[in-house]
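The structure under discussion appears below in the form of structure tokens.
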Amino acid sequence: MFNAAIQLFIQNFTSMHVNDVVDIAIVTFLIYQFIRLIRETSTSQIIRGVLVLLIAMVVSDLLDLVMLSTLFHTIITWGIIVLAIVFQPELRKVLRRVGETGVASFLFSRQNEITLEEAVVKEMVTACKEMSWSRTGALVIFERRDSLDEILKTGTRVDAKVVDELIRNIFYEGAPLHDGAMIVRDGRICAAGCVLPLSDNRNLAKELGTRHRAAVGMSERADSISLVVSEETGAISVAVRGKLQRNLVPEQLEELLTDALVPKEEENQKTSKLGIVVEKILGIRGGKA
1 MFNAAIQLFI QNFTSMHVND VVDIAIVTFL IYQFIRLIRE TSTSQIIRGV
51 LVLLIAMVVS DLLDLVMLST LFHTIITWGI IVLAIVFQPE LRKVLRRVGE
101 TGVASFLFSR QNEITLEEAV VKEMVTACKE MSWSRTGALV IFERRDSLDE
151 ILKTGTRVDA KVVDELIRNI FYEGAPLHDG AMIVRDGRIC AAGCVLPLSD
201 NRNLAKELGT RHRAAVGMSE RADSISLVVS EETGAISVAV RGKLQRNLVP
251 EQLEELLTDA LVPKEEENQK TSKLGIVVEK ILGIRGGKA
């Protein structure tokens, strides 16, 4: 049986064409990127569980375990519904963007227009500059790929545009929500007064207070960006993946947030070309839709 398998492999290998090699290379690349993605997000545990389930189903089929195999097949059949529920925040985020901007605008960005992310960065930097000068403590979390729904439940829903004045009002000393964290999702202030997990890192400087430890703790548990303004010193800090960058000037803060939150120019160019193609196919240009 082993020799037959080797002979079959050699036969298939020698009969491969150029398009087969390209096909295998593309699939390998996609699998590699998929693995990188799930390793960088909090969904990795869910994906691993699904993979274990699939392996168990294959093994049960090979061993002819009828009842167990039937159970696994039933779970897999309904699995797509379960995954849709589990990843509902991510799906909702994408669908909301499509609904607000339309298909073409969602797929490409126009040149010479300031993006939502760039506007958010400018408003946030302006607010932090003022709060640093007035020694107003602040803690802002920017959601990226990892969902922060559990954190949102601990605060008060806001759902407002990110503007300098509103940010400073929320963190004004004496305001009801000034002690908690503000969560920014999809370019909007989603919630405020949220409670964050504290970091257990013993290497953090002893003079750092609760805000800084909460910022680092949140960045350790998700791929979010944590922004802190110290109430004692007015220093601006940013935590990314468990690492805290302290004493940032406004120019450094703007550069860091832009790099982390604003889509790269190369991505914009690619999506712009894709959008033009889609427009032509759908007849969107010139009101042909």
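Under the working numbering, the residue at position 200 of the sequence shown is numbered 200, and the numbers go up by one with no gaps. Glycine included, every Cβ here is placed at the ideal spot set by N, Cα and C. None of these values were measured; they are calculated from a predicted model.
Asked                                                                                                                                                                                       : Found
Tell me the DSSP bridge mates of T156?                                                                                                                                                      : A192
Would you call E232 buried or exposed, if buried means 16 or more other Cβ atoms sit within 10 Å of its Cβ?                                                                                 : exposed
What is the residue span of the beta strand (DSSP E) that A181 lies within?                                                                                                                 : 181–185
Following the continuous alpha helix (DSSP H) through N247, name the residue where it begins and the one where it ends.                                                                     : Looking at the DSSP string, N247 is not in any alpha helix (DSSP H); the run it does join, the beta strand (DSSP E), is 243–248.
For A239, which residues in the same chain have their Cβ closer than 6 Å to its Cβ, ignoring the five residues on either side in sequence?                                                  : A215, V216, S219, S226
Tell me which same chain residues have a C-beta within less than 6 Å of the C-beta of I6, skipping the five on either side of it?                                                           : none
Mark T136 as exposed unless 16 or more other C-beta atoms lie within 10 angstroms of its C-beta, in which case mark it buried.                                                              : buried
Do you know whose CA, among V229, L71, A222, D186, lies nearest D179's CA?                                                                                                                  : V229
Please look up how many angstroms separate the CB atoms of G234 and W133, rounded, as I've assumed it's under 8 Å.                                                                          : 7 Å
DSSP state of V262, grouped into three classes?                                                                                                                                             : coil
Suppose contacts are defined by Cβ-Cβ distances below 9 Å. Is L53 in contact with I75 by that definition?                                                                                   : yes
Give me the Cα-Cα distance between A138 and R221, rounded to the nearest whole angstrom.                                                                                                    : 20 Å
Beta strand (DSSP E) containing L139: first to last residue?                                                                                                                                : 138–142
Tell me, please, which residues DSSP counts as bridged to A239.                                                                                                                             : S226, L244
Which residue or residues does DSSP assign as beta-bridge partners of K161?                                                                                                                 : R188
Please go through the same chain and pick out, in chain order, the residues whose beta-carbon is closer than 8 Å to the beta-carbon of E118, but skip the five residues on each side of it. : T258, V262
Report all residues from its chain with a CB closer than 8 Å to the CB of I189; omit the five preceding and five following residues, and keep chain order.                                  : V158, D159, A160, K161, V162, L166, I167, I170, M182, I183
Could you say which of E143, D200, Y172, M57 lies nearest to L71 if we only look at CA atoms?                                                                                               : M57
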